[in-house]
Amino acid sequence: MASTTIGGTVTETSSNRPFREEIDEHKGHPGIRATTFNYARINDDMVEMLEKPHPSYFLLVLGFLSALLLGAVSLAIQVDVGIGNSGISHPIAWGFYITDFVFWIGIGHAGTLISAVFYLTRAPWRTAIYRSAEAMTVFAVMTAGLFPLLHTGRPWLAYWLIPYPNERYLWVNFKSPLAWDVFAVTTYMSVSIMFFLLGLVPDMAIMRDEAKRRGKMLQAKIYAIFAMSWRGTNHQWVHFMRGYLIFAALATPLVFSVHSIVSWDFAMASIPGWHTTIFAPYFVAGAIFSGLAMVMTVLIPVRVVFRLEDYISYHVVNKVCQVILFTSMIVGYAYATEFFIAWYSGSPYERAVFYFRPFGHMATWSLTGDQPVSFPLLAFYLMVFCNVIAPIPLWRKKVRNNLVAVWIICGLINVGMWFERFNIVGSSLQRDFHPYNWGEYWPTLVEVGITIGSFGFFFMLFSLFVKALPPMAIMELKEAAEPPMRKEHHEH
Amino acid sequence: MSTKFSGVWGTFEYLDDTTEAIEELRKKGVEPTVLSPCPRHEIDHALGEPQSPVPFISLFFGALGCLIGYSLPAWTASDWVLPVGGKPIVAIAPFTVIGFEMTILHAAIFTLLGLTILIIIDSLKNPIPKAAQEYLRFQRDRFGIVVRCEASQYTLYEDLLKKYQAEEVYVEKG
Numbered sequence: 077m078a079s080t081t082i083g084g085t086v087t088e089t090s091s092n093r094p095f096r097e098e099i100d101e102h103k104g105h106p107g108i109r110a111t112t113f114n115y116a117r118i119n120d121d122m123v124e125m126l127e128k129p130h131p132s133y134f135l136l137v138l139g140f141l142s143a144l145l146l147g148a149v150s151l152a153i154q155v156d157v158g159i160g161n162s163g164i165s166h167p168i169a170w171g172f173y174i175t176d177f178v179f180w181i182g183i184g185h186a187g188t189l190i191s192a193v194f195y196l197t198r199a200p201w202r203t204a205i206y207r208s209a210e211a212m213t214v215f216a217v218m219t220a221g222l223f224p225l226l227h228t229g230r231p232w233l234a235y236w237l238i239p240y241p242n243e244r245y246l247w248v249n250f251k252s253p254l255a256w257d258v259f260a261v262t263t264y265m266s267v268s269i270m271f272f273l274l275g276l277v278p279d280m281a282i283m284r285d286e287a288k289r290r291g292k293m294l295q296a297k298i299y300a301i302f303a304m305s306w307r308g309t310n311h312q313w314v315h316f317m318r319g320y321l322i323f324a325a326l327a328t329p330l331v332f333s334v335h336s337i338v339s340w341d342f343a344m345a346s347i348p349g350w351h352t353t354i355f356a357p358y359f360v361a362g363a364i365f366s367g368l369a370m371v372m373t374v375l376i377p378v379r380v381v382f383r384l385e386d387y388i389s390y391h392v393v394n395k396v397c398q399v400i401l402f403t404s405m406i407v408g409y410a411y412a413t414e415f416f417i418a419w420y421s422g423s424p425y426e427r428a429v430f431y432f433r434p435f436g437h438m439a440t441w442s443l444t445g446d447q448p449v450s451f452p453l454l455a456f457y458l459m460v461f462c463n464v465i466a467p468i469p470l471w472r473k474k475v476r477n478n479l480v481a482v483w484i485i486c487g488l489i490n491v492g493m494w495f496e497r498f499n500i501v502g503s504s505l506q507r508d509f510h511p512y513n514w515g516e517y518w519p520t521l522v523e524v525g526i527t528i529g530s531f532g533f534f535f536m537l538f539s540l541f542v543k544a545l546p547p548m549a550i551m552e553l554k555e556a557a558e559p560p561m562r563k564e565h566h567e568h
Numbered sequence: 004m005s006t007k008f009s010g011v012w013g014t015f016e017y018l019d020d021t022t023e024a025i026e027e028l029r030k031k032g033v034e035p036t037v038l039s040p041c042p043r044h045e046i047d048h049a050l051g052e053p054q055s056p057v058p059f060i061s062l063f064f065g066a067l068g069c070l071i072g073y074s075l076p077a078w079t080a081s082d083w084v085l086p087v088g089g090k091p092i093v094a095i096a097p098f099t100v101i102g103f104e105m106t107i108l109h110a111a112i113f114t115l116l117g118l119t120i121l122i123i124i125d126s127l128k129n130p131i132p133k134a135a136q137e138y139l140r141f142q143r144d145r146f147g148i149v150v151r152c153e154a155s156q157y158t159l160y161e162d163l164l165k166k167y168q169a170e171e172v173y174v175e176k177g
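Protein chains in written order, with this note's numbering: chain Z, 77 to 568; chain R, 4 to 177.
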């Protein structure tokens, strides 16, 4: 024990202490070994993740950057030439761009679900994955937000969507779901970003002090900016924790409202196949389903590369898979309900659309030159296979404990959910009330390029995130871990 | 407000030592500042369950956002009347979406601003010495207790922190 009387600075006397201590397997959460680690080890493990990356990391980022570049070039062509350069034309006014928008908004939902909803329900398995899922939300919503702007054809006039005072006394139509969308998506993006940054503050302070400890002063200065003078005093914690809880409570209804509002873009229209009350819960379940699948698609490689078995344990993967399975059943039920209601409604238009989706020859898109394939038909069967049939093996624990199998299934779900969005957006517009008004939709290379670019954008941002910021919430991992006690700690 | 700090601070390895020291200090009428690597309810309990006024800020600005969310569409719809299919000009049901979004947005923005301002105010009211700020293990694996006191009380609190197994105790003579 050192007792020093000083007037100015303190001499660091603790740097020689051991930082890695013995692990007591009997403490902490039974499914997550990291909760048995001491505080110092959690710091060390997280700092280690942010060390200089392997050259293969740069190759990976380069690959994503190439996809982004393809998207950027396609975007430039699209903006320069105009919306006529896409496959969007009467009567199919919504094509790949709105499909991409709905898909990416859905992907974003898992982050808020994990960070806010599971925080309120005190699900301990969320601790290791919520920061990455939250980052995914921010990146996915940023990606999604680009598409409606692009879809307008003149993105430089996007400010017209905002109700600002103007000399023409014209205001946006607040009765339109498209105006609701502007408010819903911007609110969701703002709250997600604030929630994400708020959670980062204590971790940035940890990184600041760890960088100082390791003599990396430039890094320490950068982290210090984001740490905002955080010291971890009780006065700071009390306001922080209460604010964080409120943010979680505010973000929770957003999980359910945002995709409901996106679904009303469709459901408020009178188009057969869209005009249905099931859309809001159907979209929300689909969003959570696809978002969690994307979380696994991204985090399983992260787990392997960074050797995070103690953090993203089989227990965590199992829990996520169980939620995926549950939402898969909701989505499958919604598919069946749509068909039932179309039949039960007695409306010939509804029945026709739901006949055309699985059986109709609605559009031909030649993949091989001589074998015409109906694109929406392909979308329908891929949707059913990937979202309803492919997740069935997850019922078995053996499959849930097989990371390769989980990764493949989640990849298939991502594909299936994109096609589900296309199935909803594209097929109804191709066959509305009057055969005279029927049409076909083929995506152009520009649309395909922008879609690929959106994936490049998302994955590149995520790759940069895992090496620039702590991809796990260090503060919450410590909170979940057993605290250092001189006496026996009975409470957990 | 003087920026000079006068008092005693110590570091602790164990949480139970820390909470016992806090309880002893509070019995003597001292409200210490506690530093910890993560939030611990044991510390809150020892400190007497301090409360934050942040929820009131969220509630007030959420209500304000709700008011704005309903009144903005109502005012704009009345400013430029656009009858659609005989539907009401000021329609509550569709404006509820805007009301809801503005409630959440205002509550979130002002919760963030509010907690930031509260943290700044509390940090100014309860300063900690520069040396404690620069002690790198509070963000790692050590707990800390800071006691602001007069020079005549240095020994009293230094001994108290040592009694509860403080690893290091420092006296800051303001």
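Idealized CB from N, CA, C, for every residue including glycine.
How many Å lie between residue i and residue j at the Cα?
i      : j      : result
F259/Z : I101/R : 7 Å
I485/Z : Y390/Z : 16 Å
V123/Z : P546/Z : 8 Å
H351/Z : T219/Z : 27 Å
C462/Z : R433/Z : 16 Å
C41/R  : D279/Z : 10 Å
R318/Z : S55/R  : 7 Å
L196/Z : A325/Z : 7 Å
I500/Z : W340/Z : 12 Å
Y133/Z : F533/Z : 16 Å
P231/Z : L146/Z : 19 Å
V464/Z : F498/Z : 16 Å
G362/Z : V491/Z : 13 Å
D19/R  : F179/Z : 49 Å
T328/Z : I190/Z : 10 Å
F430/Z : G529/Z : 32 Å
E552/Z : T203/Z : 6 Å
K288/Z : F146/R : 19 Å
H510/Z : S61/R  : 51 Å
R307/Z : P241/Z : 44 Å
L454/Z : N513/Z : 22 Å
P560/Z : Y17/R  : 5 Å
W236/Z : A255/Z : 11 Å
W78/R  : P239/Z : 11 Å
L299/Z : M283/Z : Leu is not the amino acid found at residue 299/Z; the sequence shown has Tyr there. So the alpha carbons of these two residues sit roughly 6 Å apart.
May I ask which residues mark the beginning and end of the beta strand (DSSP E) holding residue i?
i      : result
R290/Z : Taken as a continuous stretch (DSSP letters only), R290/Z belongs to no beta strand (DSSP E), as it is neither H nor E.
I148/R : F146 to R151
V172/R : E171 to E175
If the criterion is Cβ atoms closer than 8 Å, does the pair residue i and residue j meet it?
i      : j      : result
V11/R  : L164/R : yes
D156/Z : I347/Z : no
Y173/Z : V217/Z : no
F215/Z : S539/Z : no
V33/R  : T21/R  : no
G515/Z : P253/Z : no
S150/Z : I526/Z : yes
A24/R  : I148/R : yes
L401/Z : L470/Z : yes
C397/Z : R472/Z : no
In terms of residues, what are the limits of the alpha helix (DSSP H) holding residue i?
i      : result
L38/R  : Run containing L38/R: none in the alpha helix (DSSP H); it sits in the beta strand (DSSP E), T36 to L38.
M561/Z : Note, M561/Z: premise wrong, no alpha helix (DSSP H); not H, not E.
N249/Z : Here N249/Z belongs to no alpha helix (DSSP H), and DSSP marks it neither H nor E.
W313/Z : N310 to A343
D125/R : I95 to K128
N394/Z : Y390 to S421
What does DSSP give as the partner residues of residue i in its beta bridges?
i      : result
F15/R  : F146/R
I46/R  : Per DSSP, none; premise fails for I46/R.
I159/Z : Paired residues: none, contrary to the question.
I168/Z : S165/Z
G10/R  : R151/R and E175/R
query = Should the stretch 366 to 373 of chain Z be regarded as contacting the stretch 167 to 184 of chain Z, the criterion being three or more beta carbon pairs within less than 8 Å?
reply = As far as the Cβ criterion goes, the stretch 366 to 373 of chain Z touches the stretch 167 to 184 of chain Z, which means the pair count is three or higher.
message = Can you pull out the residues from the stretch 29 to 56 of chain R whose beta carbon lies closer than 8 Å to at least one beta carbon of chain C?
response = In the displayed structure, chain C is absent; the protein chains listed are Z and R.
request  = Could you tell me whether the stretch 94 to 111 of chain R touches the stretch 125 to 132 of chain R, where touching means 3 or more Cβ pairs closer than 8 Å?
outcome  = Contact between the stretch 94 to 111 of chain R and the stretch 125 to 132 of chain R is absent, with fewer than three C-beta pairs closer than 8 Å.
task = Evaluate the contact criterion for the stretch 222 to 233 of chain Z versus the stretch 61 to 74 of chain R: three or more CB pairs, one atom per stretch, below 8 Å.
result = Contact between the stretch 222 to 233 of chain Z and the stretch 61 to 74 of chain R is absent, because fewer than three Cβ pairs lie under 8 Å.
ask   = So does the stretch 264 to 275 of chain Z actually touch the stretch 206 to 213 of chain Z, counting three or more Cβ pairs closer than 8 Å?
value = Taking 8 Å as the limit for Cβ pairs, the verdict is that the stretch 206 to 213 of chain Z does touch the stretch 264 to 275 of chain Z.
inquiry  = Whether or not the stretch 146 to 163 of chain R and the stretch 25 to 41 of chain R are in contact is what I'm after, with contact meaning three or more pairs of Cβ atoms, one per stretch, closer than 8 Å; do they touch?
reply    = The stretch 25 to 41 of chain R makes contact with the stretch 146 to 163 of chain R: 3 or more CB pairs, one atom from each, lie closer than 8 Å.
Contact the stretch 82 to 90 of chain R vs the stretch 244 to 263 of chain Z: 3+ CB pairs below 8 Å = Here the stretch 82 to 90 of chain R makes contact with the stretch 244 to 263 of chain Z; the two share three or more CB pairs at distances below 8 Å.
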